[in-house]
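2 protein chains.
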Amino acid sequence: MEPGGTRISQLRRGVLEFCVLALLAEAELYGFDLVRRLSDVEGLVTSEGTIYPLLSRLRREGWVTTTWAESESGPPRRYYALTEDGRRALGGFTEDWERFRDSVDQLLLKGKP
Amino acid sequence: MEPGGTRISQLRRGVLEFCVLALLAEAELYGFDLVRRLSDVEGLVTSEGTIYPLLSRLRREGWVTTTWAESESGPPRRYYALTEDGRRALGGFTEDWERFRDSVDQLLLKGKP
DNA sequence: TCGGGTACCGTGCAACGCATGGAACCGGGT
DNA sequence: ACCCGGTTCCATGCGTTGCACGGTACCCGA
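Chains as they are written, first to last, in my numbering: chain X, 4 to 116; chain C, 4 to 116.
#1: Going along chain C, which residues have a C-beta under 7 Å from X:Gly46?
#2: Rounding to the nearest angstrom, what Cα-Cα distance links X:Val44 and X:Tyr55 in this structure?
#3: Any beta-carbon of chain X closer than 8 Å to the one on C:Val38?
#4: Look up C:Trp100 in the DSSP assignment and say whether it is helix, strand or coil.
#5: List the residues of chain X whose Cβ lies closer than 7 Å to the Cβ of C:Leu96, in chain order.
#6: To which residues of the same chain is C:Pro78 closer than 7 Å at the C-beta, ignoring the five residues directly before and after it?
#7: Hey, X:Ala84 and X:Leu27: beta-carbon distance below 8 Å or not?
#8: Using beta-carbon positions only, say whether C:Phe1 and X:Leu57 come within less than 8 Å of one another.
#9: Have a look at C:Phe21 and C:Leu61 and give me their C-alpha separation to the nearest angstrom.
#10: Which one of C:Ser74, C:Ala92, C:Leu110 and C:Ser76 has the shortest CA to CA distance from C:Gly65?
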């Protein structure tokens with residue numbers, strides 16, 4: 004299938020980033036684990052090719068910090084932790100999301116309750 | 004500001020298209036009017052530079068048909084009408100949107116009811 | 001020793017919103 | 001008579017970001 008060809012992958016744009024922040028708000032996680040956790044959520048399935056560039060961006064923005072830790076079953080893991088800036092960004096986005104979601108609902112579900 | 008630089012403009016991706024279809028599901032409208040109507044909805048403000056390429060896509064997909072009509076106050080208008088295919092596409096997306104919205108809500112609002 | 005699971009990462013493409021700019025028509029103010 | 005602003009259409013190019021693809025390296029069981 005052509006890349007970005009599905010409707011859903013367009014929906015993910017700009018949201019995935021903050022879904023990752025939301026997961027990191029509860030616990031420090033590493034990249035590979037984030038992929039697995041997102042796969043458990045309908046419509047958010049993604050791959051390493053998406054996650055790692057995304058995590059690099061988050062680091063560049065100063066929204067996460069990272070620490071290395073050994074693993075018992077493979078190469079070392081890089082754990083990501085939310086910064087105070089990251090928490091603020093997540094809060095700001097959440098407000099934007101709620102407004103946006105309501106607007107789209109209003110247009111899309113007008114006539115089908 | 005850099006284009007596409009805001010969080011919101013990324014959210015609009017892939018959604019705007021179907022918001023336009025939703026508006027056309029109620030009445031035939033022309034491009035300039037669509038811009039005004041979307042500006043009335045929080046988070047969906049857009050411009051002609053966005054709408055016209057989008058409408059071209061919809062035509063190419065066969066989701067809308069167009070008819071010209073004179074205007075009393077300016078150049079002629081091109082009115083857009085939803086096709087049966089367009090209505091089906093809108094229905095399909097609406098289902099996808101509901102699932103996606105619930106997933107994001109679940110992640111983002113976990114802990115803040 | 002060899003394959004498969006774990007774990008990291010970069011490069012290049014495609015989609016789409018938007019800034020920018022251009023064209024043509026109309027009416028009102030100076 | 002002339003220009004300016006509103007209306008209405010459209011095309012071109014850029015930036016962001018998800019994803020396909022490919023690469024490296026470690027560990028373990030068959």
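Glycine is no exception: its CB is placed at the ideal position from the N, C-alpha and C atoms.
Checking against the coordinates, here is how it stands:
#1: Counting only Cβ-Cβ distances below 7 Å, X:Gly46 has contacts in chain C at Arg102, Phe103 and Ser106, in chain order.
#2: 19 Å
#3: The C-beta of C:Val38 comes no closer than 8 Å to any C-beta of chain X.
#4: helix
#5: Per the sequence presented here, residue 96 of chain C reads as Phe, with Leu not at that position. Within chain X, the C-beta atoms nearer than 7 Å to that of C:Phe96 come from Arg10, in chain order.
#6: none
#7: A contact, by the Cβ cut-off of 8 Å.
#8: Since the first and last residues shown for chain C are 4 and 116, residue 1 of chain C lies out of range.
#9: 10 Å
#10: Residue C:Ala92 holds the alpha-carbon nearest to the alpha-carbon of C:Gly65 among C:Ser74, C:Ala92, C:Leu110 and C:Ser76.
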